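Just remember that this note's numbering sits 605 ahead of the position in the sequence shown, which is counted from 1.
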Amino acid sequence: MRIDAADIETCLADATTGDGAPMSTPIVQTSLFAFPDFDALVTGLSAEHLHSVYTRGQNPTVEALERKLAALERGQACKCFASGMGAVHAVLLGLLAAGDHVVFAGSIYGPTLQLAAHMERFGVTHDIVRSGDVSAVAAALRPQTRLLWLESPGTMLFGVLDLPALAGAARARGVLTCVDNSWATPLCQKPLTLGADIVVHSASKYIGGHSDVMGGAVVTSTTIMQRIFQPGYMLPGALLAPHDAWLLLRGLRTLPLRLARHEADALEVASFLRGHRAVGDVFHPAFTAPPDLVARQLSGWTGVFSFTLRRGDFASVRSFIDALRVFRIGVSWGGVESLVISPVRDDGGAGLARQGLPPGLVRVSIGLEGAELLAADLDQALRAAQPNGGAP
Ligand SMILES: *Cc1c(COP(=O)(O)O)cnc(C)c1O
């Protein structure tokens, strides 16, 4: 993992300076801000994205986090939200109107696609190009297409998309590109420097990093943020609370350190699984992505990947998951504890087929317990639940 020295400084720095400045950013726990006179209030109200008037518009603790995330992503403007989905929703609601069309490429976070499906009732349509192939995506762009939505590495299978080529194809057609950068974090990938126009994050994952806070962020140019701010932020009101912003600021302080460990341990565990007779494919981008693509856009890996069990029916997957002792069973990822989940259901594989996922798929988030312990836990669960190395 190569982390930019300036990024480490941004993650660690306290947000206030000067004599007697607190080492930790103050939590400005207020709903509104009072003004010395009426003129000052009128000025504040005329540009609520620039002035702290009401915490639904701007709050100094949240703003400290927004400045850091904008710096890390090399963007001009950032707004933070109550969750990653709050951020996703802000981009869609802020930029789209009836008659507009969106192209989603690669494997996309399920609720993002569910929200896109919901927006059809407001006249916003979409297409999904699962392969993420550049010519297939270019062919899916229509005159009505306003937005290309990418996730790389993608949800569940962690495929790496050619971000510069895809963003370039969109730009040539006057289409904005938004990248969900939750997996890589700005420390490992900076989509705005690769041609994307907008980045969204679920800060509930690695940025928070301790499974104790939810948040989201949109980072983009000042011009695009001006379009998103009012309809996507102030009016829907999915704001990040000051205390939650403070938890995310604290998460950032250890993000470089945590990611280095998540990366190393996930690589070790993924390599162990690759050599295991009860395991089929291992979907870690270090093994699956073209090296030239990786070299251009990623400076490191994080700790979430998936793999298939050789015996992949529902009962076998359930036995395997229930046999794990260190891995906790739950949704989400990016915390200090290792997690396991699977999209396999007792439906004869219909759900997996619909999502374009292989049988027996299991996803893990590698926490900070240590690779040796985690590999041993996976090994004992595989032995218990996949007799004869999963042979039928
Ligand atoms: C979790 C997640 C989201 C949504 O974030 P929340 O904070 O859970 O609302 C969006 N995109 C990706 C890739 C995610 O993993």
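Glycine included, every Cβ here is placed at the ideal spot set by N, Cα and C. No experiment lies behind these values; they were computed from the predicted model shown.
Problem set entry | Contact between the region 902–921 and the region 752–771 (3+ Cβ pairs under 8 Å) | Because the criterion of three Cβ pairs below 8 Å is met, the region 902–921 and the region 752–771 touch.
For this session: Could you check the C-alpha separation between residue 927 and residue 946 for me, to the nearest Å?
Result: If I take the Cα positions, the gap works out to 11 Å.
For this session: Output the distance between the C-alpha atoms of residue 717 and residue 693, rounded to the nearest integer angstrom.
Result: Whole-angstrom Cα-Cα distance: 7 Å.
Problem set entry | In DSSP terms, what residue 911 is bridged to | DSSP lists 888 and 968 as partners of residue 911.
Exercise. Under the rule that 16 or more other beta-carbon atoms within 10 Å means buried, what is residue 829, buried or exposed?
Worked result: By the Cβ-count criterion, residue 829 is buried, with 16 or more other Cβ atoms from all chains shown falling within 10 Å of its own Cβ.
Exercise. In its own chain, which residues sit with a C-beta less than 6 Å from the C-beta of residue 784, not counting the 5 before and 5 after it?
Worked result: Correct list, in chain order: 755, 796, 801 and 804.
Exercise. So with Cβ pairs under 8 Å, would you call residue 612 a contact of chain B?
Worked result: In the displayed structure, chain B is absent; only one protein chain is listed.
Exercise. Assuming residue 621 and residue 630 make a contact with CB atoms under 8 Å, what is their CB distance in whole Å?
Worked result: At roughly 7 Å, the Cβ-Cβ gap stays under 8 Å, so residue 621 and residue 630 are in contact.
Exercise. Under the rule that 16 or more other beta-carbon atoms within 10 Å means buried, what is residue 628, buried or exposed?
Worked result: Its Cβ having fewer than 16 others within 10 Å, residue 628 is exposed.
Exercise. Three or more C-beta pairs closer than 8 Å, one from the region 831–841 and one from the region 859–871: is that the case here?
Worked result: Touching, no, given that fewer than three Cβ pairs across the two stretches are closer than 8 Å.
For this session: Between the Cα of residue 786 and those of 646, 964 and 823, spot the shortest distance and give me the residue it belongs to.
Result: By alpha-carbon distance to residue 786, the top candidate from 646, 964 and 823 is 823.
For this session: List in chain order: all unbroken alpha helix (DSSP H) runs of 4+ residues lying wholly within the region 816–849.
Result: Along the length of the region 816–849, whole alpha helix (DSSP H) runs at least 4 residues long occupy 827–833, reported in chain order.
Exercise. Between 665, 878, 669 and 817, which lies nearest to residue 941 when the distance is taken from Cα to Cα?
Worked result: The shortest CA-to-CA distance from residue 941 to any of 665, 878, 669 and 817 is the one to 817.
Problem set entry | Close-in-space but distant-in-sequence residues of the same chain around residue 832 (CB under 7 Å, 5 per side omitted) | Here residue 832 has 699 and 700 as same chain residues with Cβ atoms under 7 Å from its own Cβ, once five neighbours each way along the sequence are excluded.
For this session: Identify, in the order they occur along the chain, each residue of the same chain with its Cβ nearer than 6 Å to the Cβ of residue 637, setting aside the five sequence neighbours on each side.
Result: Close CB contacts of residue 637 within its chain, under the 6 Å cut and outside five residues either way in sequence, are with 659 (chain order).
Exercise. Which ranges would you report for the alpha helix (DSSP H) in the region 733–806 if only whole runs of at least 4 residues count?
Worked result: Runs of the alpha helix (DSSP H) spanning 4 or more residues and lying entirely within the region 733–806 occur at 739–745, 768–777 and 790–793, in chain order.
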